[in-house]
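Colleague:
Take a look at the structure:
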């Protein structure tokens, strides 16, 4: 067995950028201290989840990767600790704005930027106001640890995202997230649905999944945590509750997952000739 | 609320065709007596799960729908009880053989035949010896109850099947199954994975799922039951264990599911332009 130690971080955020980056850095150090080589912070950890409202002032936060404080800080930290840090950030590219992820390698270099493909919109989650739907397509990153398949929050509900990443070679799926209560419906707790969708992706693609969510209450919107790491059969290896701050670490055996994936035969028996409806825009 | 009462049947089978059909008919009557309008028996209920071995004698069982004893019996029963019975059967069509499903309406007519698209192969499940991969594509059936989306066993592991059926209008997914222990690996119990994959489909597509599996031990191969009905959020509404014979019935609210599906926005936010990899045969 070649164990890969991975980690997810869960914490609450304020509107103080430097304070948030420092809090994430502390947990990254803790995870690295426990031996994690791949460490996933939550989505858009630089500040409050600003998509709760539609306010043009928030566009001031968007910057290119090479000037974004969260990305720059994680690059320095990754180089220092020799860890991979998939880093979610609000990206500006000329007139366009994206909900993006910089894949930072263990030398602190940016391997590439993925732009969130699926953009939600609903009470408390007005992302379509801020983010253009991503134009990068799904991106996988070959590393000595294995091939990494990141996606961002809303992407995590889409079987197409998980399948596309796995078909492109992903051996582990990574989902930074900011999700919580639904202001319009206090009875709707989507946390169990959120896990079910991703555990379904794990099983259907025979691939481990790491999900990192924020916690805390921001202007009445409560983020529900429940960050987890599961293996290629969907068994939970490590998890956090709705209010705990902290780090979860788990050992993944990607060689075993590869054998399981081959023996199940799901990919062998696919019928691409029958899947045309999935790519039709109707 | 317009409640649709649906049922799944779970039982063991012998090699006596008439006995098996009679046992299924008894449970169909029980389900209809409880008010179910749509009643799902397990896969290939006419006999033992013959795919455990490769034996040309079993091809004698394959018949066209209009001459197959299981289909004919369910047509009579559907007409008598005014219920829909999606009926799995071993179909012969000239030189070809398929693992098929006849959608029988509440007048006893065959609305159409779906041929299982994904054919497994592995120790104890030598289906590739018997069944040609289906050439019908995924089929949905519009009925006064709602639009039905049937698939067969191995299909149930595929996100593509569930998504394609839902995109084609399915408001409920139906999976007749024959699955159990893995003879080559006594430690591998796939029953929890089996449920996770389908519950993932329910959540990702915001659609209820009905799954009917067989039980009993056949020549050392134990079928693990765990038939269930879940709603569009993946919450289990009714279920059976690994050894119980019986009927489960649940009320589905397809209008509510339609509202949930719209409000989640999963279909609104799809990116067919990015899903090309899913249909590439590479």
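Chains as they are written, first to last, in our numbering: chain A, 1 to 282; chain B, 283 to 564.
Just so it is clear, CB atoms sit at the ideal spot from N, CA and C, and this is done for glycine as well.
Does residue 493/B have its Cβ less than 8 Å from a Cβ in chain A?
Modeller: One-based indexing of the second chain puts residue 493/B at position 211. It does not; no Cβ of chain A falls within 8 Å.
Colleague: Please decide whether residue 502/B counts as near chain A, where near means a Cβ-Cβ distance under 8 Å.
Modeller: Position 220 of the second chain holds residue 502/B. Closer than 8 Å: no.
Colleague: Does any CB atom of chain B fall closer than 8 Å to the CB of residue 12/A?
Modeller: For the purposes of this step, residue 12/A is taken as residue 12 along the first chain, with counting starting at 1. So no, residue 12/A is outside the interface.
Colleague: With a threshold of 8 Å between beta-carbons, can residue 415/B be considered close to chain A, or not?
Modeller: By 1-based counting over the second chain, the position of residue 415/B is 133. Closer than 8 Å: yes.
Colleague: Quick check: residue 372/B and residue 347/B, are their CB atoms within less than 8 Å of each other?
Modeller: Stepping through the second chain from its first residue, residue 372/B is reached at position 90. Stepping through the second chain from its first residue, residue 347/B is reached at position 65. Not in contact: residue 372/B and residue 347/B (Cβ atoms no closer than 8 Å).
Colleague: Could you pull out every residue in the same chain whose Cβ sits closer than 6 Å to the Cβ of residue 426/B, ignoring the five residues on either side in sequence?
Modeller: Position 144 of the second chain, counting from 1, holds the residue named residue 426/B. None.
Colleague: Listed from N- to C-terminal order along the chain, which residues in the stretch 443-460 of chain B have their beta-carbon within a distance smaller than 7 Å of any beta-carbon of chain A?
Modeller: Taking 7 Å as the Cβ-Cβ cut-off against chain A, the residues of the stretch 443-460 of chain B that qualify are 445, 446, 449, 450.
Colleague: For the alpha helix (DSSP H) containing residue 255/A, name the first residue and the last one.
Modeller: Within the first chain, numbered from 1, the residue matching residue 255/A stands at position 255. First-last of the alpha helix (DSSP H) with residue 255/A: 254-264.
Colleague: Using CA coordinates, which residue listed in 275/A, 266/A, 38/A, 159/A is at the minimum distance from residue 5/A?
Modeller: Here residue 5/A is taken as the residue at index 5 of the first chain, counted from 1. For residue 5/A, the nearest C-alpha among the options comes from 38/A.
Colleague: To be precise: take each residue of the stretch 390-415 of chain B, compare its Cβ to all Cβ atoms of chain E, and keep it if any distance is under 9 Å. Which residues remain?
Modeller: Judged by its chain identifiers, the structure shown contains no chain E, and its protein chains are A and B.
Colleague: DSSP state of residue 533/B, grouped into three classes?
Modeller: Along the second chain, one-based indexing puts residue 533/B at 251. Three-state result, residue 533/B: strand.
Colleague: On a CA-only basis, which of 164/A, 117/A, 130/A, 58/A is nearest residue 559/B? Give me that one, please.
Modeller: As a first step, residue 559/B is located in the second chain; it is residue number 277 there, counting from the start. That would be 164/A, whose Cα lies nearest to the Cα of residue 559/B.
Colleague: Restricting to Cα atoms, I'd like to know which of 136/A, 58/A, 216/A is closest to residue 102/A.
Modeller: The sequence position of residue 102/A within the first chain is 102, counting from 1. For the residues 136/A, 58/A, 216/A, the minimum Cα distance to residue 102/A belongs to 136/A.
Colleague: Taking the alpha carbon of residue 275/A as the point to measure from, which residue in 292/B, 400/B, 359/B, 310/B has its own alpha carbon closest?
Modeller: The residue labelled residue 275/A in the question sits at position 275 within the first chain. Distance check between residue 275/A and each of 292/B, 400/B, 359/B, 310/B places 400/B closest, using alpha-carbon atoms only.
Colleague: I'd like to know whether the C-beta atoms of residue 509/B and residue 357/B end up nearer to each other than 8 Å.
Modeller: Position 227 of the second chain, counting from 1, holds the residue named residue 509/B. Position 75 of the second chain, counting from 1, holds the residue named residue 357/B. Against a cut-off of 8 Å, the Cβ pair of residue 357/B and residue 509/B comes out as no contact.
Colleague: Considering just the uninterrupted stretch of the beta strand (DSSP E) at residue 179/A, what are its terminal residues?
Modeller: Mapped onto the first chain, residue 179/A falls at position 179. That residue, residue 179/A, is in no beta strand (DSSP E); it is neither H nor E in DSSP.
Colleague: Roughly how many angstroms lie between the CA atoms of residue 92/A and residue 110/A, to the nearest whole one?
Modeller: Locating residue 92/A in the first chain gives position 92, counting from the first residue. Locating residue 110/A in the first chain gives position 110, counting from the first residue. So the two alpha carbons sit approximately 16 Å from each other.
Colleague: Spell out the partners DSSP gives residue 381/B in its beta bridges.
Modeller: For the purposes of this step, residue 381/B is identified with residue 99 of the second chain, where counting begins at 1. According to DSSP, residue 381/B bridges with 372/B.
Colleague: Can you list, in chain order, the residues of its chain whose CB lies under 6 Å from that of residue 261/A, leaving out five sequence neighbours each side?
Modeller: Taking the first residue of the first chain as 1, we reach residue 261/A at position 261. So the qualifying residues of the chain are 206.
Colleague: Could you tell me whether any Cβ in chain A is nearer than 8 Å to the Cβ of residue 510/B?
Modeller: Within the second chain, numbered from 1, the residue matching residue 510/B stands at position 228. Taking Cβ atoms only, chain A never reaches closer than 8 Å to residue 510/B, which makes this a no.
Colleague: With 8 Å as the threshold, decide whether the Cβ of residue 557/B is near any Cβ in chain A.
Modeller: The count along the second chain starts at 1 and reaches residue 557/B at position 275. Yes, its Cβ sits closer than 8 Å to a Cβ of chain A.
Colleague: With the cut-off set at 8 Å, would you say residue 494/B and residue 290/B are in Cβ contact?
Modeller: Residue 494/B sits at position 212 when you count from the first residue of the second chain. Residue 290/B sits at position 8 when you count from the first residue of the second chain. Yes, these two residues count as a Cβ contact at 8 Å.
Colleague: By how many angstroms is the C-alpha of residue 364/B removed from the C-alpha of residue 255/A?
Modeller: The residue labelled residue 255/A in the question sits at position 255 within the first chain. The residue labelled residue 364/B in the question sits at position 82 within the second chain. One C-alpha to the other measures close to 53 Å.
Colleague: Using a Cβ cut-off of 8 Å, pull out every chain A residue sitting near residue 473/B, in sequence order please.
Modeller: The count along the second chain starts at 1 and reaches residue 473/B at position 191. The contacting residues do not exist; residue 473/B stays about 11 Å from chain A at best.
Colleague: Distance cutoff 8 Å, beta carbons only. Does residue 159/A sit that close to anything in chain B?
Modeller: Against the first chain, residue 159/A aligns to sequence position 159. Yes, because at least one Cβ of chain B sits closer than 8 Å to the Cβ of residue 159/A.
Colleague: Counting contacts by CB-CB distance shorter than 8 Å, is residue 269/A in contact with chain B?
Modeller: Numbered from its first residue, the first chain carries residue 269/A at position 269. Answer yes: the Cβ-Cβ gap between residue 269/A and chain B drops below 8 Å somewhere.
Colleague: Look at the Cβ atom of residue 68/A, then the Cβ atom of residue 123/A, and state whether they are nearer than 8 Å.
Modeller: Counted from its first residue, the first chain places residue 68/A at position 68. Counted from its first residue, the first chain places residue 123/A at position 123. No, the Cβ-Cβ distance between residue 68/A and residue 123/A is not below 8 Å.
Colleague: When you compare the CB of residue 426/B with every CB in chain A, is at least one pair closer than 8 Å?
Modeller: The residue labelled residue 426/B in the question sits at position 144 within the second chain. So, not an interface residue.
Colleague: Identify the continuous alpha helix (DSSP H) that holds residue 159/A and give its terminal residues.
Modeller: Reading the first chain from its first residue, position 159 is the one you call residue 159/A. It spans 159-167 - the alpha helix (DSSP H) in which residue 159/A sits, taken as one unbroken run.
Colleague: Just how far apart, CA to CA, sit residue 272/A and residue 355/B?
Modeller: As a position in the first chain, residue 272/A is number 272, starting the count at 1. As a position in the second chain, residue 355/B is number 73, starting the count at 1. Cα to Cα, residue 272/A sits roughly 35 Å from residue 355/B.
Colleague: Can you check whether the CB of residue 265/A is closer than 8 Å to the CB of residue 323/B?
Modeller: Translated into positions along the second chain, residue 323/B becomes position 41. Translated into positions along the first chain, residue 265/A becomes position 265. No, they are not a contact pair.
Colleague: Taking the runs of the alpha helix (DSSP H) that are 4 residues or longer, which of them lie wholly in the stretch 10-65 of chain A?
Modeller: The qualifying runs are 17-33.
Colleague: Residue 112/A lies in the beta strand (DSSP E); which residues open and close that run?
Modeller: For the purposes of this step, residue 112/A is taken as residue 112 along the first chain, with counting starting at 1. Residue 112/A -> beta strand (DSSP E) spans 110-115.
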